[in-house]
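Residue 289 is where the sequence shown starts when you use this note's numbering, and the numbers rise one by one after that.
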Amino acid sequence: MFITLEGIDGSGKSTQSEKIAEWLESRTGRRTVRTFEPGGWQGGGAIRGFILNTPGLSAMSELLLFLADRSEHISRVILPALRQDCNVLCERWNESTLAYQAGGHELNPSHVRRIIRACSFPEPDVKILLDISPETAIERVKSRKNSPDKFEDEGIKLLRNVAAFYRLIAEEDPAGFVRVVCDGLTEDEVFTKITAGLEARLWRSR
Ligand SMILES: Nc1ncnc2c1ncn2[C@@H]1O[C@H](COP(=O)(O)OP(=O)(O)OP(=O)(O)O)[C@@H](O)[C@H]1O
Ligand SMILES: [Mg+2]
């Protein structure tokens, strides 16, 4: 299984990834590799730091750097894990690129889609969207200890656009997404909805 977790900063991806990985291991009897983007490969920290901490990068440069990062991540982490019959659970994937670079940074969405499609990256078996209001997400991120990156700094307007674009993407591909509206839900309540969605998408439909 190749499963991705999507959602704006502070939506709960890392929190849920830990829970889902444990659940998925017992559900499938296979080891689950947890990973993330950008930078989820050995040496990827440099590209992550560059993308997140370089002021004034153009939206197009960001897009191309994210795709370069994904390309390395695929060949060094994701494909090797899938070949070893592991599940892969990845925080952020193509839909992050679309939601942030087209929805947030206003690159032409059809151009971004075309560039992503041309990369022919592996398609997840299912994508999980943690749908949350930017207000709730920002409150959560503020109370987090490590310092915010530049996307979090760009604030609420950007996150609103990104969240709206994510919703659009999920509506276009209802069979491909488990979408959970997270506002007002505890971690466990979100988790229960995710596993119900995964059961329905990955097993009941087969
Ligand atoms: N359902 C929830 N209710 C309240 N707080 C939550 C919930 N889920 C996660 N949190 C808290 O919100 C904060 C953000 O969660 P988390 O780090 O998992 O988000 P993230 O999507 O991985 O963010 P980022 O994109 O910045 O990595 C954390 O402090 C986490 O403990
Ligand atoms: Mg995280």
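We put the beta carbon where it would ideally sit given N, CA and C, even for glycine.
Small disclaimer: the values here were computed from a predicted structure and weren't measured.
ask   = Does the beta carbon of LYS307 fall short of 6 Å from some heavy atom of ligand 2?
value = no
message = Following a CB-centred definition, is LYS301 positioned closer than 6 Å to any heavy atom of ligand 2?
response = yes
ask   = What three-state label does DSSP hand THR342 in the structure shown?
value = coil
query = Per DSSP, LYS481 is paired with what?
reply = Note: LYS481 sits in no beta bridge, so no partner.
message = Using DSSP's beta-bridge definition, name the partner residues of ASP469.
response = The residue you asked about is not Asp; residue 469 is Val in the sequence shown. ASP419, per the DSSP bridge assignment.
message = Going by beta-carbon coordinates alone, are LEU418 and VAL468 separated by less than 7 Å?
response = yes
message = For a quick check, are the C-beta atoms of MET289 and ASN375 less than 7 Å apart?
response = yes
task = Measure how close the beta-carbons of ILE291 and ILE416 come, nearest whole angstrom, since I'm counting them as under 8 Å.
result = 7 Å
key: Within the region 299-370, ranges of the beta strand (DSSP E) (whole runs, at least 3 residues)   = 320-324
message = Assuming GLY337 and HIS361 are in contact, meaning their beta carbons sit under 8 Å apart, how far apart are those beta carbons, in whole angstroms?
response = Rounded, the Cβ-Cβ distance is 15 Å, inconsistent with contact.
query = Beta carbon of VAL429, beta carbon of GLY298: below 7 Å?
reply = yes
ask   = DSSP beta-bridge partners for VAL400?
value = According to DSSP, which records beta bridges pairwise, VAL400 is partnered with nothing at all.
ask   = Measuring CA to CA, which of PRO368, GLY392, ARG371 is closest to GLU350?
value = GLY392
ask   = GLU294 lies in the beta strand (DSSP E); which residues open and close that run?
value = 290-294
ask   = Is it true that the region 459-478 meets the region 401-409, where meeting means three or more beta-carbon pairs spaced less than 8 Å apart?
value = no
query = Below 8 Å, can you find three or more Cβ-Cβ pairs linking the region 364-373 to the region 309-316?
reply = no
query = How many Å lie between VAL466 and GLY485 at the Cα?
reply = 6 Å
ask   = Can you name the residues that DSSP bridges to ASN375?
value = THR320
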